[in-house]
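S.K.:
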Amino acid sequence: GTTLDPAAVAEDAPPDPRNVYADTKLAQEHLAASWARATGGTVAALRYHNVYGPRMPRDTPYAGVAAIFRSRLESGLAPLVFEDGGQRRDFVHVRDVARANVLALEHAAATGPRPPAPGLRAYNIASGTPRTVGDMAAALSDAFGGPAPQVTGGYRLGDVRHIVARPDRARRELGFSAAVPFADGMEEFARRRVTSS
């Protein structure tokens, strides 16, 4: 065979959820689209990718891998990296996510008396730059001054190998592009405490 070269997922890609979590997110979009059809309203569905940054909750599987790694470092433990660490993700800083929300609201307000066509419009809120989970763990460990990550070779049922986004529509229609450089974001995340869940 040939080497698998994963492609970034665009906002208009056909949905293909690979686990229960992804199914629930798609179900939320279906419910919002149903509301929009029934009322003539419009919905901006912001699809956040791997969010990290200050004030992330600790010790919960719903916080994302960066917060889980940060919690382990704060406890003096090495981040435990599943598989071989080569899984690609799109890490986006929480300040960029907050800014994307404001841009979506401003975009809706700017349409004035001529609102966009009724329905749902999806936007990938992502950096557009893939990073491996292993690289993220190493960057966070280095910035924290903690132990190096340990690659376990284990896996979590339902995890996908790669998921990276193309935020083209968010850039074009909302004016969004991630502004916080990855290294700076990891440095800030390492210095700031995570919150109790």
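Throughout the sequence shown, residue numbering follows this note's numbering, covering 3 to 199 in sequence. All C-beta atoms, glycine included, are put in the ideal place defined by N, C-alpha and C.
1) Which one of Gly148, Ala167 and Asp186 has the shortest CA to CA distance from Arg72?
2) Kindly indicate which three-state DSSP category Asn103 falls into: helix, strand or coil?
3) Who does Gln152 pair with in a DSSP beta bridge?
4) Touching or not, the region 88 to 108 and the region 161 to 171, by the rule of three or more beta carbon pairs under 8 Å?
5) Thinking Glu13 and Arg171 are a contact (beta carbons under 8 Å), I'd like their distance in whole angstroms, please.
6) For my contact list, Phe184 and Phe93 are in at a C-beta cut-off of 8 Å; report their separation, rounded to the angstrom.
7) Quick one: which unbroken beta strand (DSSP E) runs of 3-plus residues sit fully inside the region 35 to 80? Chain order, please.
8) DSSP three-state label for His109, please.
9) Leaving out five residues on either side along the sequence, give the residues of the same chain with a beta carbon under 7 Å from the beta carbon of Asp25.
10) For the pair the region 3 to 10 and the region 136 to 150, tell me if three or more CB-CB distances fall below 8 Å.
M.R.: Straight from the coordinates:
1) Ranked by Cα distance from Arg72, the first of Gly148, Ala167 and Asp186 is Gly148.
2) In the three-state reduction of the DSSP assignment, Asn103 falls in the helix class.
3) Looking at the DSSP assignment, Gln152 forms a beta bridge with Leu82.
4) Output reads yes: the region 161 to 171 touches the region 88 to 108.
5) About 4 Å separates the beta carbon of Glu13 from that of Arg171, a gap short enough to meet the 8 Å contact definition.
6) A Cβ-Cβ separation of about 7 Å places Phe184 in contact with Phe93 under the 8 Å criterion.
7) Taking only runs of at least 3 residues, the beta strand (DSSP E) segments lying wholly in the region 35 to 80 are 44 to 50 and 52 to 54.
8) DSSP places His109 in the helix class (H, G or I) of the three-state scheme.
9) Within the same chain, Asp25 has close Cβ partners Pro19.
10) Two segments are said to touch when three or more pairs of C-beta atoms, one from each, lie closer than 8 Å; by this definition the region 3 to 10 does not touch the region 136 to 150.
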